[in-house]
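Which chain is which? The protein sequence lines are Y and L, in order.
For the first sequence, my numbering assigns the number 1 to the initial residue and increments by one for each residue that follows.
For the second sequence, my numbering assigns the number 113 to the initial residue and increments by one for each residue that follows.
Beta carbons are placed, not taken as given, at the ideal position from N, Cα and C, and that holds for glycine.
Here the structure is a predicted model, which means the values were calculated and not measured.
To keep things clear, I will list the structure first and then write my remarks on it.
Protein chains: 2
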Amino acid sequence: MSQTQMLKGIIDGCLLAIINEEECYGYEMATRLSHFGFSSISEGTIYPVLLRLQKEELVTSTRKKSTAGPKRKYYKLTQKGEEELAIFLRNWSEISRNVNAVITRKVGEVKR
Amino acid sequence: MSQTQMLKGIIDGCLLAIINEEECYGYEMATRLSHFGFSSISEGTIYPVLLRLQKEELVTSTRKKSTAGPKRKYYKLTQKGEEELAIFLRNWSEISRNVNAVITRKVGEVKR
DNA sequence: TTAAGGTATCTTGTAATGCGAGGTAATTGA
DNA sequence: TCAATTACCTCGCATTACAAGATACCTTAA
């Protein structure tokens, strides 16, 4: 039960949420995630996710000059990406509620 | 971002929590999980997990007669299983806090 | 006796996906 | 020039949820 496994399917949603907040590039997202408490999500994880998101047309990217270093690839949500983010938020809320119900031994109330 | 992916590594922990509450067998756990809101966690998912937990010596099992049907396999946590449950609870709490920080755009406070 | 249906477990193969390790390249400052 | 930092990408491994299918037990009723 490593955290690695528990992060599956969650990182996508978190990146969508971060991009939704403001245009952002990969290298910075790693930093952001660590500010939010995710200490060990590396670039080897993030870049493949971003490529996947783009392939699925949930985000678009634009290359822009960096102040120091190679060009950055800024990502922005598409309409479809916004919808996917909404789905993620619903799924997270549901799963989160259910897990908490299990560990507190209480049957969760159905949200309407 | 299917729920399937988001459940990875979580089901183990939930089963440990359920077993910890009271000795339980696989078929019943499926029912229990659905009472907690998990509508679609099937036996094809649960049984492999239970075998894995046993292999890792987190649980032990005892066969007991059923009132109707073949013998049931009742599971119980080992010491190691209790420790693993504790780790899961910590991991869940941490991840859960971090994700909520991301989606509410707030930097999570560090728990001490 | 036999058929049906609920109870109970297990196996196989597939599809995702996180991540370590390694590689490439641009820019700055010592 | 050289090192450090910034920034991106790829490959391969390990793990895991789940559908689909198989097997078997037990009770009830036709």
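Other residues of its chain near residue i: CB distance less than 7 angstroms, five sequence neighbours each side excluded
{"i": "Y:K111", "result": "Because Y:K111 carries a pLDDT of 45, less than 50, the predicted location of this residue cannot be relied on, and no value is offered for it."}
{"i": "Y:M116", "result": "Nothing can be reported for residue 116 of chain Y: it is not among the residues displayed for chain Y, which extend from 1 to 112."}
{"i": "L:E168", "result": "none"}
{"i": "L:I123", "result": "I153, T157, V161"}
{"i": "Y:E94", "result": "none"}
{"i": "Y:M6", "result": "none"}
Partner residues on chain Y for residue i, Cβ-Cβ distance less than 7 angstroms
{"i": "L:A213", "result": "F36, G37"}
{"i": "L:C126", "result": "V99, V102"}
{"i": "L:E115", "result": "Looking at the sequence shown, residue 115 of chain L is not Glu but Gln. The answer, in chain order, is N91, I95."}
{"i": "L:I226", "result": "With chain L running from 113 to 224 in the structure shown, residue 226 of chain L is simply not present."}
Nonlocal neighbours in the same chain, by C-beta distance under 6 angstroms from residue i, ignoring five residues either side
{"i": "L:C126", "result": "none"}
{"i": "L:E196", "result": "L170"}
{"i": "Y:F88", "result": "G13"}
{"i": "L:E135", "result": "Y186, K188"}
{"i": "Y:Y25", "result": "R72, K73, Y74"}
{"i": "L:R175", "result": "K183, K185"}
Residue of the options minimising C-alpha distance to residue i
{"i": "L:K218", "options": "Y:T104, Y:M6, Y:I18, Y:T67", "result": "Y:I18"}
{"i": "Y:A101", "options": "L:Q115, L:Y137, L:F150", "result": "L:F150"}
{"i": "Y:T4", "options": "L:M113, L:K120, L:S114", "result": "L:K120"}
{"i": "L:G181", "options": "L:S114, L:E133, L:Y139, L:T190", "result": "L:Y139"}
{"i": "L:N203", "options": "Y:N20, Y:A86, Y:I103, Y:N91", "result": "Y:I103"}
{"i": "L:M113", "options": "Y:T62, Y:R52, Y:T31", "result": "Y:R52"}
Chain Y residues whose Cβ lies nearer than 9 angstroms to that of residue i
{"i": "L:E134", "result": "None at all; the shortest Cβ gap to chain Y is about 10 angstroms."}
Proximity of residue i and residue j at Cβ, strictly below 7 angstroms
{"i": "Y:K65", "j": "Y:K71", "result": "yes"}
{"i": "Y:K76", "j": "Y:T60", "result": "yes"}
{"i": "L:F148", "j": "Y:N98", "result": "yes"}
Proximal residues of chain L, C-beta to C-beta of residue i below 7 angstroms
{"i": "Y:A17", "result": "V214, I215"}
{"i": "Y:S40", "result": "Within 7 angstroms Cβ-Cβ: nothing; Y:S40 doesn't reach chain L, min ~11 angstroms."}
{"i": "Y:E43", "result": "Within 7 angstroms Cβ-Cβ: nothing; Y:E43 doesn't reach chain L, min ~18 angstroms."}
{"i": "Y:E84", "result": "M113"}
Contact belief for residue i with residue j at Cβ below 8 angstroms, rounded distance in angstroms
{"i": "L:A208", "j": "Y:S34", "result": "For the sequence presented, residue 208 of chain L should be read as Ser rather than Ala. Rounded, the Cβ-Cβ distance is 17 angstroms, inconsistent with contact."}
Neighbour list for residue i in chain L, Cβ cutoff strictly below 9 angstroms
{"i": "Y:G9", "result": "M113, S114, Q115, T116, Q117, M118, L119, K120"}
Same chain, Cβ closer than 8 angstroms to residue i, neighbours up to 5 away in sequence not counted
{"i": "Y:Q54", "result": "T60, S61, Y75"}
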